[in-house]
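Report on the structure given below.
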Amino acid sequence: MHPLDEIQLTGLTVFGRHGVFDHERENGQEFVIDVRLHIALADAAASDDVADTVHYGELAEKVAAVVAGEPVNLIETLAVRIADVVLTDERVQLTSVTVHKPHAPISLSFADVSVTVHRGQKVAP
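Below is the structure:
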């Protein structure tokens, strides 16, 4: 087996309607997503063929569809849903997904709120 390399997609900004408050669902806001994939890239490097790797443009579209899709209360839930989508590609061994909510309803001055989850492929018993 080849060592695991990384593909990163950072700063993907998508409008969504997630949150526990009614106004968050009604008005929506932008969420910023960072995704890190751990994947063996030796085959892609040798073939120089996008079919042998994760197409990051297609990945961005899939992630954006989750964020723009069905609202959830917690960004924790959103992060896990995104990780589940990333892991549908069996070549991805591990993923880290960070969901940033820079416009969270916090009455104090802050730069960002984020949640990061780490998930891997399920191992058969």
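Residue 195 is where the sequence shown starts when you use my numbering, and the numbers rise one by one after that.
Beta carbons are placed, not taken as given, at the ideal position from N, Cα and C, and that holds for glycine.
Every value quoted in this text rests on a predicted model; they were computed, and no experiment measured them.
Item: Just tell me which of H212, V260 and V257 has its CA closest to the CA of P296.; Value: H212
Item: In terms of residue numbering, what span does the beta strand (DSSP E) encompassing L288 cover?; Value: V286 to H294
Item: Let me know if V280 comes out buried or exposed under the rule of 16 or more other beta-carbons within 10 Å of its beta-carbon.; Value: buried
Item: Would you mind reading off the limits of the beta strand (DSSP E) that contains H232?; Value: Q223 to I233
Item: Would you identify the three-state DSSP class for I300, choosing helix, strand or coil?; Value: coil
Item: Does the Cβ-Cβ distance between A236 and R285 come in under 9 Å?; Value: no
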